Amino acid sequence: MNMKNKYIILLLGLLISFAGCSLDEVYYSSITPEKFYQSQQSVLQRLDRPFTHTRWYLGDQSSIWQMQELSSDAFCLSTKGPHWYNGGEYQRMHHHEWTPSENQLWNCWYGASMGVALSLEAKQDLDKYVDYDALGFAKGTKEAHQMQLQTLIAYFYMRGLDYFGGMPIYTETGGEDQPRSTDVETFGHIEALLKEAIPQLPKKTELGKSEEGMINQAAAAMMLAQLYFNAESYTKKKMFSECEKICQDIIDGVYGAYKLDDNWYGPHCFTNDRSPEVIWNIPCQNQKLTVYGFIWTDGYHYNASKYFDLDGGANNGFHMQPSLKPTGELYTNFKLGKPFSKFDDKDLRKKPYLYLGNEKYEGMFCFGKQVNPKTGGECKGTQEYNGQIISFVDQVARFTEVGVGKKYASVAELPSTIADGEENSGVRFVKYPLPNMAERNLRYNPDLPVYRLAEVYYMLAECKMRAGYNSDAAALINTVRKRNFENQIDPNPVTAENLDKYRMLDEWLIEFLGEQRRRTDLIRWGAFVNEDWWDHKASKNENFNRYPVPAKAMSSSNLLIQNPGY
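If you're matching positions, the sequence shown starts at 204 in our numbering and goes up one per residue.
What follows is the structure in structure tokens.
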């Protein structure tokens with residue numbers, strides 16, 4: 204069978220009937236599945252296809268990231284003069300005024316649906332058409348392949364559940380279109396898939412062995428822990444004790460050999476595939492396999508290449524939400540957000556990003572005057588600050604409109620909203636490091652960590668906290684925090700006394716900034732629709748904890764029912 208043709212048919216059919224189509228296969232070449240699987244390589248090609256989709260879903264396109272981060276209290280994409288209004292889509296996202304017609308929502312639905320379709324089809328093909336013994340595979344390889352694909356199915360269902368609620372459930376290709384299942388039914392299906400898969404998956408036995416993107420026991424166990432961690436959001440039933448047990452087992456090595464990295468940058472650096480902390484990643488190698496390219500294109504200034512000493516343009520889009528009013532005072536009328544201010548001034552990450560050479564770098568942000576201290580390269584403005592060296596500020600306001608004869612007489616009069624950006628608005632984050640031109644073969648070399656052990660520590664800490672064991676929770680968080688400070692001396696550790704809802708949410712924000720999870724954390728704490736943050740008033744509408752089913756999906760199947768409130 205011509206595999207390319209088969210995937211084109213899937214794409215044109217809008218996948219697995221999540222968008223309303225038949226799964227009956229039609230072959231358009233003389234190569235049938237029975238003839239295709241004649242080597243180990245052909246089997247691995249078939250296994251890899253759903254993983255390449257996972258790369259696209261999590262790393263190549265930005266919709267998943269945007270719907271987690273731009274709808275919450277960490278990032279925003281401000282309108283900067285004539286730039287980035289984009290029909291108001293980013294303002295709607297920030298103010299929780301989205302509609303079923305948003306392109307990002309379609310990509311989220313389509314991406315999860317296609318992930319299930321590709322994984323389910325590959326699982327069935329490999330089970331039905333491949334003789335693993337005849338092809339010389341080691342004993343247990345078939346089971347490992349089957350369960351990796353089953354875990355991917357669970358993962359995509361879990362992402363769909365988190366964004367939209369109950370999804371149409373399929374257990375095989377072909378057959379009739381299905382309506383949406385309930386949240387509880389979808390939760391139960393995911394749980395069953397993972398419980399079956401975990402014991403049959405391979406276990407990592409060598410600490411620090413390179414992660415190449417495939418799924419092992421710990422990754423599947425972590426998915427199940429995440430499912431339980433957020434169970435109340437999906438089923439109205441708390442399952443923190445179940446999550447706690449799995450997290451403790453992962454830390455104790457029951458599911459494989461892992462440990463926290465010794466430094467803050469290890470899980471994100473150019474060789475992070477060998478970080479002992481990484482449990483599951485999306486591989487990336489030089490400029491052959493790229494992920495998170497949108498952070499460069501949409502997150503950095505037009506002339507950022509001059510500062511980074513790299514080639515390529517950028518579009519000066521999203522940035523961290525401001526901590527400071529236009530006057531320079533810290534916002535105090537809301538507790539969430541203000542991400543840059545939440546990093547302690549002694550935090551090693553709270554430095555301007557600078558590539559030092561030979562894969563070494565320091566800092567995790569672009570802020571202040573954008574002059575590279577090593578090369579002298581200057582990032583100059585092209586808009587409000589045309590020809591001037593850009594200085595990124597932890598503020599959002601039209602400072603160039605202040606003065607005699609201008610719109611505002613003083614800075615105190617300036618509004619600060621998502622509509623009031625300038626080209627220097629907001630701190631930019633550089634979590635995924637960039638080399639210089641001399642070493643540009645390293646560009647996009649960092650893998651994208653999907654799961655890392657630090658998250659297990661934080662999940663366990665929150666479970667302990669919710670059970671009333673604040674001291675234990677604080678100790679777990681501090682075990683991770685201390686690596687962010689010189690000589691591991693933390694000036695503001697978590698304590699039993701200062702650990703509350705807001706400190707816990709701050710710790711999630713600081714450690715996992717930009718790792719496409721913030722919305723889910725806020726929902727778990729009842730904060731996504733009930734708390735204010737910068738230029739955002741709480742809607743108090745619980746329906747908005749779920750996104751609407753996209754209009755494209757609704758129009759393709761009369762079996763799909765829209766979520767309440769839309």
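Beta carbons: idealized from backbone N, C-alpha and C, even for Gly. Keep in mind the model is a prediction, meaning the values are calculated, not measured.
Three-state class that DSSP yields for residue i in the structure shown
| i | result |
| --- | --- |
| Gln264 | coil |
| Pro542 | helix |
| Arg655 | strand |
| Ser304 | coil |
| Arg749 | coil |
| Pro253 | helix |
| Lys563 | strand |
| Cys224 | Residue confidence is low: Cys224 scores 41 on pLDDT, short of 50, so the model does not pin down where it sits. No coordinate-derived value is stated. |
| Arg552 | coil |
| Tyr558 | strand |
| Trp736 | strand |
| Leu527 | strand |
| Leu513 | coil |
Neighbour-count burial assignment, residue i, 16 or more Cβ in a 10 Å radius
| i | result |
| --- | --- |
| Leu250 | buried |
| Gln488 | exposed |
| Gln429 | buried |
| Ala612 | exposed |
| Lys545 | buried |
| Leu214 | Only weak support exists for where Leu214 lies, its pLDDT of 36 falling under 50; the value from the coordinates is given anyway. It is exposed - the Cβ of Leu214 has fewer than 16 other Cβ atoms within 10 Å. |
| Ser444 | exposed |
| Asp597 | buried |
| Ala576 | With the sequence shown as reference, residue 576 is identified as Pro, and Ala is not the correct amino acid for it. Result: exposed. |
| Thr354 | buried |
| Val752 | buried |
| Ser265 | buried |
| Ile267 | buried |
| Gln420 | buried |
Residue i to residue j span [Cα, whole Å]
| i | j | result |
| --- | --- | --- |
| Leu559 | Trp259 | 31 Å |
| Gln294 | Lys634 | 25 Å |
| Thr374 | Phe254 | 19 Å |
| Leu708 | Tyr505 | 33 Å |
| Val614 | Thr530 | 6 Å |
| Met442 | Arg727 | 12 Å |
| Cys450 | Ala730 | 24 Å |
| Ala600 | Asp623 | 5 Å |
| Glu324 | Thr376 | 6 Å |
| Thr389 | Asn466 | 38 Å |
| Lys554 | Glu718 | 19 Å |
| Ala422 | Tyr588 | 47 Å |
| Asp476 | Pro486 | 8 Å |
| Phe570 | Thr282 | 19 Å |
| Lys398 | Gln271 | 27 Å |
| Lys740 | Ser594 | 29 Å |
| Ser322 | Arg720 | 23 Å |
| Met523 | Thr408 | 39 Å |
| Leu637 | Leu396 | 38 Å |
| Phe568 | Val630 | 7 Å |
| Val457 | Cys311 | 33 Å |
| Ser304 | Gly496 | 25 Å |
| Pro652 | Met317 | 21 Å |
| His256 | Lys439 | 31 Å |
| Phe543 | Asn761 | 46 Å |
| Lys435 | Val333 | Before going on, a small fix: residue 435 reads as Glu here, not Lys. Using only the alpha carbons, I get a separation of about 41 Å. |
| Glu379 | Ala676 | 48 Å |
| Pro525 | Lys541 | 6 Å |
| Tyr240 | Phe340 | 13 Å |
| Gln381 | Trp309 | 19 Å |
Pair within 9 Å by beta-carbon distance, residue i and residue j
| i | j | result |
| --- | --- | --- |
| Ala460 | Leu410 | yes |
| Phe521 | Phe715 | no |
| Ala699 | Leu679 | no |
| Asp735 | Thr620 | no |
| Lys326 | Gln349 | yes |
| Tyr437 | Asp501 | no |
| Lys743 | Tyr313 | no |
| Met296 | Leu273 | yes |
| Phe688 | Asp547 | yes |
| Glu710 | Arg684 | yes |
| Gly368 | Asn766 | yes |
Any non-hydrogen atom of the ligand PLP closer than 8 Å to residue i Cβ
| i | result |
| --- | --- |
| Thr438 | Looking for the ligand PLP in the displayed structure turns up nothing, as the structure carries no ligands at all. |
Fully enclosed by the region 414-487, which beta strand (DSSP E) runs are 3 residues long or longer?
The qualifying runs are 481-485.
Quick one: complete alpha helix (DSSP H) runs, 4+ long, within the region 277-359?
Those alpha helix (DSSP H) runs which fall completely within the region 277-359 and span 4+ residues are 292-298, 306-332.
Any alpha helix (DSSP H) of 4 or more consecutive residues that is wholly inside the region 638-712
Counting whole runs of 4 or more residues, the region 638-712 contains the alpha helix (DSSP H) stretches 656-669, 673-684.
Counting only runs that start and end within the region 359-409, where is the alpha helix (DSSP H) found for 4 or more residues in a row?
386-400, all fully within the region 359-409.
Taking only runs of the alpha helix (DSSP H) that begin and end inside the region 567-637, which ones reach a length of at least 4 residues, in chain order?
Taking only runs of at least 4 residues, no alpha helix (DSSP H) segment lies wholly in the region 567-637.
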